[in-house]
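Visitor: Below is one structure. I have some questions about it.
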Amino acid sequence: KHRHWHSRAITWVAAMIIMGGFSVFTTMYPMRVLPDIKDMAPITDHGGRRAYIMQECVFLTRELILDDGYSRMHATELAQRLDGSLKRLRREHTAVRLGGDQGIVKGADVRFASHNKV
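The sequence shown begins at 111 in the working numbering and counts up one residue at a time.
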C-alpha cells in the first residue's frame with residue numbers, strides 16, 4: 111500500500127531533526143550574545159544619572175554666577191557642592207564610557223566601537 115508523503119516515517123524523522131536543530135540554535139545563539147547585553151541596563155541607568163547630575167551642575171553654576179542673595183546657600187557651599195557634583199559626573203561618565211566602575215563591566219565605548227567612528 112502506498113503512503114502519502116506526510117505519513118511516511120522519513121518525513122517525521124526529518125521534521126524532528128529540523129526541530130531539534132532549531133531548538134539547539136535558539137538555545138546556543140542567545141548564550142553567545144548574552145555577555146554583550148549584560149551591561150545594557152546599568153549603562154542606561156547611569157546614563158540617566160548623568161543627565162540628572164548635569165542638570166544639578168547647571169543649577170549650581172547658575173546660582174554661583176548670579177549670586178543675587180536669593181539662594182539658600184552661600185557661595186562657598188555652592189562651590190563645594192558644584193565640585194562634588196562635577197566629581198560624580200566624571201565618575202558616572204567614565205563608568206558609562208569605559209566601564210570597570212559603578213557595576214558596569216564593559217563601557218559603551220568598548221561595546222559599541224562602531225559608534226565612536228561616527
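Idealized CB from N, CA, C, for every residue including glycine.
1. According to DSSP, what are the bridge partners of ASP219?
2. Between HIS156 and VAL206, what straight-line distance do the alpha-carbon atoms span, to the nearest angstrom?
3. Give a yes or no on whether 8 Å exceeds the smallest Cβ distance from VAL220 to chain C.
4. Which one or two residues does DSSP pair with ILE214 in a beta bridge?
5. Are there three or more Cβ pairs, one per stretch, closer than 8 Å when the region 125-140 is compared with the region 165-179?
6. Tell me whether the region 209-216 and the region 138-153 touch, counting them as touching only if at least three CB pairs, one residue from each stretch, are closer than 8 Å.
7. Which residues in the same chain as ARG159 place their Cβ atom closer than 8 Å to its Cβ, once the five residues preceding and following it in sequence are excluded?
Guide: So, from the data block:
1. The secondary-structure analysis by DSSP pairs ASP219 with nothing; it has no beta-bridge partner.
2. If I take the Cα positions, the gap works out to 7 Å.
3. No chain C appears in the structure shown, which is made up of a single protein chain.
4. ILE214 is bridged by DSSP to ASP211.
5. No, the region 125-140 is not in contact with the region 165-179.
6. The answer is yes - the region 138-153 touches the region 209-216, with three or more Cβ pairs under 8 Å.
7. The beta carbon of ARG159 is closer than 8 Å to those of GLU202 in its chain, skipping five residues each way along the sequence.
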